[in-house]
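There are 2 protein chains.
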Amino acid sequence: MTISEISKKCNISPDTLRYYEKVGLLSYVNRTSGGIRNYTEQDCAQVEFIKCMRSAGLSIEILRRYFELFRRGKRTLKARRDLLAKERENLQMRFKELQDTIKRLDYKISVYDKALKSKDNELKF
Amino acid sequence: MTISEISKKCNISPDTLRYYEKVGLLSYVNRTSGGIRNYTEQDCAQVEFIKCMRSAGLSIEILRRYFELFRRGKRTLKARRDLLAKERENLQMRFKELQDTIKRLDYKISVYDKALKSKDNELKF
DNA sequence: ATATCAGTTAGAGTTAACTCCAAGTCAAGC
DNA sequence: GCTTGACTTGGAGTTAACTCTAACTGATAT
Numbered sequence: 300m301t302i303s304e305i306s307k308k309c310n311i312s313p314d315t316l317r318y319y320e321k322v323g324l325l326s327y328v329n330r331t332s333g334g335i336r337n338y339t340e341q342d343c344a345q346v347e348f349i350k351c352m353r354s355a356g357l358s359i360e361i362l363r364r365y366f367e368l369f370r371r372g373k374r375t376l377k378a379r380r381d382l383l384a385k386e387r388e389n390l391q392m393r394f395k396e397l398q399d400t401i402k403r404l405d406y407k408i409s410v411y412d413k414a415l416k417s418k419d420n421e422l423k424f
Numbered sequence: 300m301t302i303s304e305i306s307k308k309c310n311i312s313p314d315t316l317r318y319y320e321k322v323g324l325l326s327y328v329n330r331t332s333g334g335i336r337n338y339t340e341q342d343c344a345q346v347e348f349i350k351c352m353r354s355a356g357l358s359i360e361i362l363r364r365y366f367e368l369f370r371r372g373k374r375t376l377k378a379r380r381d382l383l384a385k386e387r388e389n390l391q392m393r394f395k396e397l398q399d400t401i402k403r404l405d406y407k408i409s410v411y412d413k414a415l416k417s418k419d420n421e422l423k424f
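Just so you know, the sequences run in chain order A and B. So the mapping is simple: our numbering equals the position in the first sequence, first residue as 1, plus 299. So the mapping is simple: our numbering equals the position in the second sequence, first residue as 1, plus 299.
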């Protein structure tokens with residue numbers, strides 16, 4: 300798969316793919332004899348994983364650390380597991396916060412709806 | 300309340316408070332005769348609201364728009380309600396995504412735990 | 001009256017994560 | 001052999017959201 304093919308397939312720009320490679324999220328992408336990147340299905344799955352974690356809020360730096368551990372081989376299994384478990388806990392916290400914020404917005408919207416009905420209230424902010 | 304007092308109370312830096320004022324999130328903060336900001340409880344509640352929305356991911360720009368509508372008075376009630384409702388929907392989507400990502404991490408962690416037990420598996424990434 | 005200290009401003013600097021650009025290369029079609 | 005078009009690189013530019021700096025001011029304690 301060329302860079303533009305995986306770009307379309309994974310909906311991520313070629314520039315971003317090269318950037319991810321440069322900073323260590325996608326190491327050792329195969330090349331053709333002419334020096335052109337040749338992505339595998341496995342690379343594609345990894346890109347999907349990165350995209351998913353990025354959109355949940357994991358930083359490039361955390362993911363870089365994760366893949367760096369990977370490159371060091373099997374003896375880092377435990378460290379990788381623990382890194383993921385820690386990030387999972389962070390997400391769990393953000394999940395609860397998000398839930399509360401949605402509730403807060405729901406309440407605020409209901410206050411707006413009341414004000415709109417009664418036609419003469421203003422809110423504090 | 301001086302800036303350092305509200306800073307401690309709301310756990311937000313004085314620089315950030317001045318920045319929020321500059322970009323239009325906190326307009327018309329009262330001043331003493333000497334020109335020093337004098338925050339009210341109401342300002343404090345507004346700062347808490349901003350903090351909550353910011354940490355859920357709402358941008359400064361969206362919040363700026365919200366408070367700008369506010370300044371235009373009662374006739375923008377509906378527009379403000381709709382702005383909040385739209386952001387609420389965005390958060391709802393991110394909430395679901397986050398839930399899926401947490402599940403995905405749980406699965407991945409369980410795969411790690413299996414690999415750690417069997418002592419000889421490596422994962423793909 | 002002077003030193004101290006918390007506040008003020010405008011504007012510069014920082015960070016993360018891209019995103020763009022210019023100059024060059026390579027394979028394929030005419 | 002030449003053009004075209006997709007690729008390559010290193011490095012510069014962008015954006016959001018702060019964060020810091022320098023120079024200044026005004027109230028309070030000695």
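No residue lacks a Cβ here, since even glycine has one placed at the ideal position from N, Cα and C.
Where does the unbroken alpha helix (DSSP H) through residue i begin, and where does it stop?
{"i": "Lys385/B", "result": "376-417"}
{"i": "Leu362/B", "result": "359-370"}
{"i": "Ile311/A", "result": "Premise fails: Ile311/A is in no alpha helix (DSSP H) and is neither H nor E."}
For residue i, collect the residues of the same chain with a Cβ closer than 8 Å to its Cβ; drop the 5 residues on either side in sequence, then sort them by chain order.
{"i": "Leu382/A", "result": "Ile361, Arg364, Tyr365, Leu368"}
{"i": "Arg393/B", "result": "Gly356"}
Tell me, please, which residues DSSP counts as bridged to residue i.
{"i": "Arg336/A", "result": "Arg330/A"}
Residues of chain B with CB closer than 9 Å to the CB of residue i, please, in chain order.
{"i": "Arg379/A", "result": "Tyr411, Leu422"}
{"i": "Tyr376/A", "result": "In the sequence as displayed, the identity of residue 376/A is Leu instead of Tyr. Going along chain B in sequence order, the residues near Leu376/A (Cβ under 9 Å) are Tyr411, Ala414, Leu415, Asn420, Glu421, Leu422."}
Counting only Cβ pairs nearer than 8 Å, list the residues of chain B close to residue i.
{"i": "Ser354/A", "result": "Glu396, Thr400"}
{"i": "Leu390/A", "result": "Leu397, Thr400, Ile401, Leu404"}
Would you please state the rounded distance, in angstroms, between the beta carbons of residue i and residue j? I believe it to be under 8 Å.
{"i": "Ala355/A", "j": "Ile408/B", "result": "Actually they do not touch by this definition, with Cβ atoms about 14 Å apart."}
{"i": "Val328/A", "j": "Tyr318/A", "result": "Wrong, their Cβ atoms sit about 13 Å apart, outside the cutoff."}
{"i": "Gln341/A", "j": "Leu325/A", "result": "In fact, because the Cβ distance is near 11 Å, the residues do not count as touching under 8 Å."}
{"i": "Val322/A", "j": "Ile349/A", "result": "At roughly 11 Å, the Cβ-Cβ gap does not stay under 8 Å, so Val322/A and Ile349/A are not in contact."}
{"i": "Arg374/A", "j": "Tyr411/B", "result": "With a Cβ gap of about 14 Å, Arg374/A and Tyr411/B do not count as contacting."}
{"i": "Cys351/A", "j": "Arg330/B", "result": "Actually they are not in contact, since the Cβ atoms of Cys351/A and Arg330/B sit about 48 Å apart, beyond 8 Å."}
Residues of chain A with a CB under 9 Å from the CB of residue i: which are they?
{"i": "Ile408/B", "result": "Arg380, Leu383, Ala384, Arg387"}
{"i": "Cys351/B", "result": "Glu396, Asp399, Thr400, Arg403"}
{"i": "Lys373/B", "result": "Ala414, Asp419, Asn420, Glu421"}
Going by beta carbon distance, what residues of the same chain come within less than 7 Å of residue i, once the five residues before and after it are set aside?
{"i": "Asn420/B", "result": "Ala414"}
{"i": "Gln391/B", "result": "none"}
Give the residues of chain A in contact with residue i, contact being defined as C-beta atoms less than 8 Å apart.
{"i": "Arg393/B", "result": "Leu397"}
Just to make sure I have the definition right: I need the residues of chain B whose C-beta is within less than 7 Å of the C-beta of residue i. Which are they?
{"i": "Lys321/A", "result": "The premise fails here: Lys321/A is roughly 18 Å from chain B at the closest Cβ pair, so nothing lies under 7 Å."}
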